[in-house]
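The numbering of the sequence shown is my numbering, which starts it at 1 and goes up by one. No residue lacks a Cβ here, since even glycine has one placed at the ideal position from N, Cα and C. Remarks on the structure that follows.
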Amino acid sequence: MKDFAPTRRGLVAGAGLSTLAACIPAPARDPRQLVVSIASDITTLDAATSFLLPNLIAPNVCYERLLRLRTEEGETRGVEGDVAEAWELAPDKSSITFHLKGGHHYDDGAELQARDFIFSIERIQQQRFPAAQALFWYAGAEAPDPRTLRIRLAAWAPFIPYLLTGPGLGFVNPAIVRHAQGDDQGSAWLRENTAGSGPYRVVRFAAREEVALAPNPHAAQQPAYFEDVRVRVSKDSSIRLIELDKGDVDILESVGPFQQDWLMQRTGVAVSAAPAPIVMFLHLNNEKPLFRDLRVRRAISLAIDRDSIISSIYRGKARTISGVLPPGVPGHDPSLPLPAYNPEAARALMHEAGVPANQPIELTVVGDGGGPSATQLALRESLRAIGFDVSIKQIAAAARSQIFAGEFDITTQSISIDFPDPWIVFTFVYNSQMIGAGNMARYSNPAVDALLARADALDGDARDALYQDAQKIVYEDLPSIPLFQTSWGYAQSRDIAPFAYNYSTPMMLPFHTMQRAARL
1 MKDFAPTRRG
11 LVAGAGLSTL
21 AACIPAPARD
31 PRQLVVSIAS
41 DITTLDAATS
51 FLLPNLIAPN
61 VCYERLLRLR
71 TEEGETRGVE
81 GDVAEAWELA
91 PDKSSITFHL
101 KGGHHYDDGA
111 ELQARDFIFS
121 IERIQQQRFP
131 AAQALFWYAG
141 AEAPDPRTLR
151 IRLAAWAPFI
161 PYLLTGPGLG
171 FVNPAIVRHA
181 QGDDQGSAWL
191 RENTAGSGPY
201 RVVRFAAREE
211 VALAPNPHAA
221 QQPAYFEDVR
231 VRVSKDSSIR
241 LIELDKGDVD
251 ILESVGPFQQ
261 DWLMQRTGVA
271 VSAAPAPIVM
281 FLHLNNEKPL
291 FRDLRVRRAI
301 SLAIDRDSII
311 SSIYRGKART
321 ISGVLPPGVP
331 GHDPSLPLPA
341 YNPEAARALM
351 HEAGVPANQP
361 IELTVVGDGG
371 GPSATQLALR
381 ESLRAIGFDV
391 SIKQIAAAAR
401 SQIFAGEFDI
411 TTQSISIDFP
421 DPWIVFTFVY
431 NSQMIGAGNM
441 ARYSNPAVDA
451 LLARADALDG
461 DARDALYQDA
471 QKIVYEDLPS
481 IPLFQTSWGY
491 AQSRDIAPFA
501 YNYSTPMMLP
511 FHTMQRAARL
């Protein structure tokens, strides 16, 4: 979840510097080494403690789960077994029984067993990690034998199989307890190390710099080709472009539209981009008196020229949406109006609400260096145009807890809808139980909470209808301002063979299936 809009300055600098770089021959690299460059910090290797995409890249290939997403044509198309070879839901929906495959081993050689899932989930609950927020349905589990797991359900919800595909709910080797500090069950150690049964293991981690992965010699699925994977953090867009152009890097993740246009001119580079189920929001702190007034919230929405931002900053590679759910997500309602741009009406609402001229507000943005994004600067100017005196406060990613604690006026944040279900948006943006976590606007509406509770006890059209009812309420209340649905882009050396990229889970690269094109 982050704002990844590009800046023109970085693009121009990159274009100029790459001309010089082209004259410098790149040192030869081992072809079995894969180098990926990302622009955001990696701060932990424990997926149970973070929802941020960069922190999930390594765990995604180091930990196996019961289930995994099935990807077709760049989208999520259901789930399939990962460690589980079969599973069945009890007729009364009180439990799910999983039958596990044999022959799966952790990176220390120990065999994966059904009871390990229970340890993994109980660690999350006992340590009160963020992943526990997605376990409301979990009422306990039993492992009658090493390859059978029965999960008891406190409540059934149709998206539970999708939740079980997340890296945060992967099988963790119980042997980590030997690294325990006090009662942390080895969790401090796990922030800088991995203990999974996936095709890779982490061999070196320098926070905010690089993660190095090597094959897990005991894994059931061995990497197809790459034996040395490096995920490097590089926040300078110019350097990122140069490194890809020179061949020092194989893949650039999160490539903005202007960078995409430039990279498309490079002969040795392939660029891929598509609409992604990522919605950018401007969150308003609804506990601040100023933003409790619906007229002020509506004025802010009317002040934003989304079409201009999409055209000039995103090069047309984003789109406004009706409501808060993008097309393709159940509950999307195309009958809702697109957000309007009307600064005159916005100023009238500000006057009606009694907001004084040059009312100071602070836009808090998360980022480690590089300054505010072009989108954030555009939002500042839009709000200044209707009478706000907007200052921008930039905080480090590690200080994001300030936002969760409500220490802000307004802030931008994107939410990635990892699987096609409205639960993600409504739980993490609008459910009052998530105040202090995903509900950054600190929005509380008992009617919405009641609709969400009813919806998740149902399936099919009846469930979608309740989500549409909830959507109408939040779209009218505007506790958070939906801005637009973005696209996602990445660039790769043409030396890398095509692979199954899932735009629903960007950055989750399947290193273990990837190869160099020359081998095919």
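- Message: I need the DSSP call for residue 200, collapsed to helix, strand or coil.
- Response: Per DSSP, reduced to three states, the secondary structure at residue 200 is strand.
- Item | Option nearest residue 125 by Cα separation, candidates 100, 168, 161 | Distances from the CA of residue 125 to each of 100, 168, 161 were compared; the closest alpha carbon is that of 168.
- Message: On the DSSP letters alone, give me the boundaries of the alpha helix (DSSP H) that residue 462 sits inside.
- Response: Counting along the chain, the unbroken alpha helix (DSSP H) around residue 462 starts and ends at 460-477.
- Message: By the three-class DSSP mapping on this structure, what secondary structure does residue 530 have?
- Response: This structure gives no information on residue 530, because the portion of the chain shown stretches from 1 to 520.
- Query: When we look at the beta-carbon of residue 553 and count the other beta-carbons within 10 Å, is it buried (16 or more) or exposed?
  - Reply: Coverage of the chain is limited to positions 1 through 520, which leaves residue 553 absent and any answer about it impossible.
- Message: Here's the rule: buried if 16 or more other CB atoms are within 10 angstroms of the residue's CB, otherwise exposed. What is residue 102?
- Response: Classification for residue 102: exposed.
- Message: Mapping the DSSP letters down to three states, classify residue 57 as helix, strand or coil.
- Response: Of the three classes helix, strand and coil, the one that applies to residue 57 here is helix, per DSSP.
- Just the C-alpha distance for residue 231 and residue 356, rounded to the nearest angstrom, thanks. Taking the straight line joining both Cα atoms gives about 49 Å.
- Message: So, with DSSP's three-state summary, where would you put residue 287?
- Response: Under the three-state reduction of DSSP, residue 287 is assigned to coil, being neither helix nor strand.
- Item | Cβ-Cβ separation, residue 37 to residue 240 (assumed contact under 8 Å), whole Å | The C-beta separation of residue 240 from residue 37 comes to about 5 Å, placing the pair in contact by the 8 Å criterion.
- Message: What does DSSP give as the partner residue(s) for residue 489 in the beta ladder?
- Response: Beta-bridge pairing links residue 489 to 273.
- Message: Tell me the residue span of the beta strand (DSSP E) that contains residue 87.
- Response: Segment 84-89, the beta strand (DSSP E) holding residue 87.
- Spatially closest choice to residue 425 from 411, 448, 364, by CA coordinates: Residue 448 is the option with its Cα nearest to residue 425.
- Neighbour-count burial assignment, residue 264, 16 or more Cβ in a 10 Å radius: Classification of residue 264: exposed, given that the 10 Å Cβ count is below 16.
- Message: Could you tell me the alpha carbon to alpha carbon distance between residue 337 and residue 323, rounded to whole angstroms?
- Response: Cα to Cα, the separation comes out at about 7 Å.
- Message: Quick check: the stretch 501-517 against the stretch 256-270, are at least 3 beta-carbon pairs closer than 8 Å?
- Response: No: fewer than three Cβ pairs fall under 8 Å.
- Message: Rounding to the nearest angstrom, what Cα-Cα distance links residue 493 and residue 308 in this structure?
- Response: Computed Cα separation, rounded: 32 Å.
- Opening and closing residue of the alpha helix (DSSP H) in which residue 351 lies: 343-352 is the span of the alpha helix (DSSP H), which, as asked, contains residue 351.
- Query: In the DSSP assignment, what residue or residues form a beta bridge with residue 81?
  - Reply: Residue 81 is bridged to 67.
- How would you label residue 321, buried or exposed, when you count the other beta carbons within 10 angstroms and need 16 or more for buried? With 16 or more other Cβ atoms within 10 Å, it is buried.
- Message: When you compare the CB positions of residue 521 and residue 359, do they come within less than 7 Å of one another, or not?
- Response: No information on residue 521 is available, as it lies outside the stretch 1 to 520 that the chain covers here.
- Item | DSSP-derived helix/strand/coil call for residue 503 | Residue state, collapsed to three classes: coil.
- With distances taken Cα to Cα, identify the nearest neighbour of residue 298 among 60, 282, 454, 440. Of 60, 282, 454, 440, the residue nearest in Cα terms is 282.
- Item | Residue of 47, 352, 518 minimising C-alpha distance to residue 164 | Residue nearest to residue 164 within the set 47, 352, 518 is 47 (criterion: CA-CA distance).
- Query: Touching or not, the stretch 193-200 and the stretch 218-233, by the rule of three or more beta carbon pairs under 8 Å?
  - Reply: With a cut-off of 8 Å, the stretch 218-233 and the stretch 193-200 count as touching, because enough Cβ pairs lie within range.
- Query: Going by DSSP, which residues form a beta bridge with residue 216?
  - Reply: Beta-bridge partners assigned by DSSP to residue 216: none are found.
- Look at residue 419 and residue 138 and say whether their C-beta atoms are less than 7 Å apart. In this structure, residue 419 sits away from residue 138, with a CB-CB distance that is not shorter than 7 Å.
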